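In terms of numbering that gives the first Met the number 0, the sequence shown is residues 0 to 463. For every residue, glycine included, the Cβ atom is placed at its ideal position computed from N, Cα and C. Here the structure is a predicted model, which is why all the values come from computation and not from measurement.
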Amino acid sequence: MNEKKFSILKKIFFYIESYGCQMNISDTEIVISILLKNGFFFTENLKIANIILLNSCSIRNKVEITIKNRLQRLKYLKKEKPTLFGILGCLSNSMKKKFSNSDLIDFTIGPDFYKKIPSIIRLSMEGKKTFHNTFLDKKETYSNIDPFRKKNKITSFLSITRGCDNMCTFCIVPFTRGREKSRDPYSIIKECENLYQKGFKEVTLLGQNVDSYLWFGSDGFKKTIYKKIYTENKKIIDFSNLLDLLAVEIPFMRIRFSTSNPHDMSPKVIETISKHSNICKHIHLPVQSGSNKILKLMNRKYTREKYLFLIKKIRSIIPECSISHDIMTGFCNEDEKDHQQTISLMNEVKYNYGYMFSYSPRPGTYSYKKLKDNVPEFIKKKRLKEIIDLQKNHSIFQMKKYIGKIQEVLIEGESKKNNQYWYGRNTQNIVIVFPKKTYKIGETVFIKIIDCTSATLIGKEQEK
Ligand code: 5AD
Ligand code: SF4
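Dropping the structure here:
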């Protein structure tokens, strides 16, 4: 029956939505590229799409709920025309179970098997449901796929590692994305060169933990086997080598990276960032908590003291560097003293900005299985509000330092709030808006900062 419905269609259109992190956005570009190469047509119009793909995220329960609600709102589309629903990406076990029992979902695919999407869609068009998400692949890095990128964009994401070996006790990523794999550096350089040729001016290198990027002459994660051989042959390429190579090979491309892990960030990386003007002076360095007791329970592998030492080191080598964070409130056994330790760490660092969450137990993780989620929800939320308010004060404190200064801004587009303003960012990843007079998207300009909010610098063109 399904087969008939789809065989009468001349063109099969697919539509895709991304949830969660930048990595998922980057994966969506890989999926689009694979489907286009296999004869499917991309659309941004839900109404004409025959294949509706949601690229999911399981990092917090809230994201899962958002995806489930979205599906409920979209299900009417199945009644209007031949439509398949597919869920991609990071699926928790509970989501996997729910989706494979659902009439609405036709297929699911995990993050290492996007190359199978065309064949899985074809099976679904014949009425065969496929739930291909339980496996992870030790080698797949998609290094031979040229991701689809929207035209007229100036900035782009590029994944350099996939998965994570860190096993923070609260985190679902090592289960949904598997062990860490580093991508071939030569394919990364080639992709960056291509991006530059196509008019992109900035690339953000992505990985759950970019500092542990390590390549031994082969894609994949067989680190322990290759490590010895390649260290001896000096063929090993680590994250600082990769940054160095990219900065030299593509000298006019702005290079960013995310996320850094305090445990893995080496002095060599900090030196490399300081050495190259085209490597942006911003480090996203999640701390999660300021309490050693909690860091240990989280298996974060650094202490408050080591983290603060690293911040000092960054600021002594790159004084102009901006630093952002992720912090989580209400993790298992967090008491008021621990929370105050987080507050005091924030006061010491005075981050430029940050992302803050309250702990959401994820089935399958160590903390879900072995630790008690014993901080009441209202306390988690109260602590969250406290750190959000504090961060706002720190952001304003940091933003005010820019007032009166000249900033180099890469213009990315029109401001969303006011189309009479340009929108761009400086090397510190701080958003800058300024009234349009001259210039165009993609230009790098010097702007005088005259005002700020906690999240945006407001500038004006310099008199010529
Ligand atoms: N609950 C709340 N926040 C989480 N994060 C990761 N797992 C969880 C969880 N179970 C946050 C961390 C991480 C960011 C990407 O998401 O702060 O750095
Ligand atoms: Fe999750 Fe920790 Fe890996 Fe980040 S470093 S993805 S928090 S396990």
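Could you give the DSSP three-state label for Tyr-401: helix, strand or coil? Tyr-401 falls in the coil class under three-state DSSP.
Ligand 4 and Pro-261: does any heavy atom of the ligand fall closer than 7 Å to the residue's C-beta? Ligand 4 is not part of the structure shown, which contains ligand 1 and ligand 2 as its ligands.
Taking C-beta to C-beta, are Ser-259 and His-283 nearer than 8 Å? Yes. Within cutoff.
How about the region 110–127 and the region 31–48: do they share at least three Cβ pairs that are nearer than 8 Å? Touching, yes.
Length at least 3, wholly inside the region 286–367: the beta strand (DSSP E) runs in chain order: Considered as a whole, the region 286–367 harbours 321–328 and 352–357 as its complete beta strand (DSSP E) runs of no fewer than 3 residues, in chain order.
Tell me the rounded alpha-carbon separation between Ser-101 and Gln-21. Taking the CA atoms as reference points, Ser-101 sits about 28 Å from Gln-21.
What is the DSSP secondary structure of Val-374, reduced to helix, strand or coil? Of the three classes helix, strand and coil, the one that applies to Val-374 here is coil, per DSSP.
Is any heavy atom in ligand 2 found nearer than 7 Å to the beta carbon of Asn-23? Relative to ligand 2, Asn-23 has its C-beta separated by 7 Å or more from all heavy atoms.
Contacts around Pro-184, its chain only, beta-carbon distance under 6 Å, and the 5 residues preceding and following it disregarded: Contacts found: Trp-214, Ile-236 and Leu-241.
Among the candidates Lys-128, Glu-190 and Asp-372, whose CA atom is the shortest distance from the CA of Gly-329? Checking every option, the nearest Cα to that of Gly-329 belongs to Asp-372.
Considering Cα atoms alone, identify which of Leu-244, Ser-273 and Ser-211 is closest to Ser-257. Per the C-alpha coordinates, the member of Leu-244, Ser-273 and Ser-211 positioned closest to Ser-257 is Ser-211.
In whole angstroms, what separates the C-alpha of Lys-222 from that of Thr-452? Bear in mind that a pLDDT of 48 at Lys-222, under 50, signals an unreliable position, so the number given afterwards is only what the model happens to contain. Their Cα atoms are separated by approximately 46 Å.
Which two residues bound the contiguous beta strand (DSSP E) that contains Leu-35? No beta strand (DSSP E) holds Leu-35; the alpha helix (DSSP H) holding it covers 21–36.
Spatial distance of Met-355 from Lys-305 (CA atoms): Taking the CA atoms as reference points, Met-355 sits about 21 Å from Lys-305.
Check the DSSP bridge columns for Leu-409 and list the partner residues they point to. For Leu-409, which the question treats as bridged, DSSP gives the partners Arg-424 and Thr-443.
Since Arg-72 is in the beta strand (DSSP E), which residue starts that stretch and which ends it? Element bounds for Arg-72: not the beta strand (DSSP E) but the alpha helix (DSSP H), 60–73.
Is the CB-CB distance between Gln-467 and Asn-425 below 8 Å? Outside the modelled stretch of the chain, which goes from 0 to 463, sits residue 467, for which no answer is possible.
Can you tell which of Asn-54, Pro-360, Arg-69 and Leu-456 has the C-alpha that lies nearest to the C-alpha of Lys-379? Residue Pro-360 is the option with its Cα nearest to Lys-379.
Mind checking who Asn-54 pairs with in its DSSP beta bridge? Note: Asn-54 sits in a beta bridge opposite Ser-17 and Leu-87.
Suppose contacts are defined by Cβ-Cβ distances below 8 Å. Is Ile-50 in contact with Gly-85 by that definition? A distance below 8 Å separates the beta carbons of Ile-50 and Gly-85.
Phe-13 CB to nearest chain D CB: under 8 Å? Of the protein chains in this structure there is only one, and it is not chain D.
Excluding the 5 residues flanking Tyr-401 on each side, which residues of the same chain have their C-beta closer than 6 Å to its C-beta? Annotation for Tyr-401: Ile-448 and Leu-456 place their beta carbon closer than 6 Å to its own, counting only its chain and skipping 5 residues before and after.
Could you check where the alpha helix (DSSP H) with Ser-123 kicks off and where it finishes? For Ser-123, the uninterrupted alpha helix (DSSP H) segment begins and ends at 116–124.
Output needed for Met-166: all residues of its chain with C-beta closer than 8 Å, excluding positions within five of it in sequence on either side, in chain order. Cβ-Cβ distances below 8 Å link Met-166 to Pro-173, Asn-298 and Tyr-365 in the same chain, with the five nearest sequence neighbours on each side left out; the list follows chain order.
Using the beta-carbon of each residue, find all residues closer than 6 Å to any heavy atom of ligand 1 and list them in chain order. Every residue passing the under-6 Å Cβ criterion appears here: Ile-58, Arg-59, Phe-169, Cys-170, Pro-285, Gln-287, Asp-325, Met-327, Phe-356, Tyr-358, Ser-359 and Arg-361.
With respect to the beta strand (DSSP E) encompassing Thr-203, which residues constitute its N-terminal and C-terminal limits? Taken as a continuous stretch (DSSP letters only), the beta strand (DSSP E) holding Thr-203 covers 201–205.
Please report the straight-line C-alpha distance between Thr-42 and Phe-377, rounded to a whole angstrom. Each residue's alpha carbon lies about 43 Å from the other.
Is Val-172 near ligand 2, with its Cβ less than 7 Å from a heavy atom? Within the chosen limit of 7 Å, ligand 2 reaches the beta carbon of Val-172 through at least one heavy atom.
Thr-271 - DSSP class collapsed to helix/strand/coil: Note: Thr-271 maps to helix in three-state DSSP.
Sorted by chain position, which residues of the same chain lie with C-beta nearer than 6 Å to Ser-99's C-beta, five sequence neighbours on each side aside? Counting only Cβ-Cβ distances below 6 Å, and skipping sequence neighbours, we find Phe-130.
Determine contact between the region 55–63 and the region 86–95, defined as no fewer than three beta-carbon pairs at a distance below 8 Å. Short answer: they touch.
Is Cys-163 near ligand 2 - that is, is its Cβ less than 7 Å away from at least one heavy atom of it? The beta carbon of Cys-163 sits closer than 7 Å to at least one heavy atom of ligand 2.
Can you grab the Cα-Cα spacing for the pair Pro-318 / Gln-287, in whole Å? CA-to-CA, the gap between Pro-318 and Gln-287 works out to about 23 Å.
Is the closest heavy atom of ligand 2 to the C-beta of Cys-56 under 7 Å? It does not: the Cβ of Cys-56 is nowhere closer than 7 Å to a heavy atom of ligand 2.
Locate the beta strand (DSSP E) running through Thr-175, then write down its first and last residues. According to the DSSP assignment, Thr-175 belongs to no beta strand (DSSP E) but to the alpha helix (DSSP H) extending over 172–175.
Going by the CB atoms, is the gap between Glu-411 and Ile-153 shorter than 8 Å? In contact: Ile-153 and Glu-411 (Cβ atoms closer than 8 Å).
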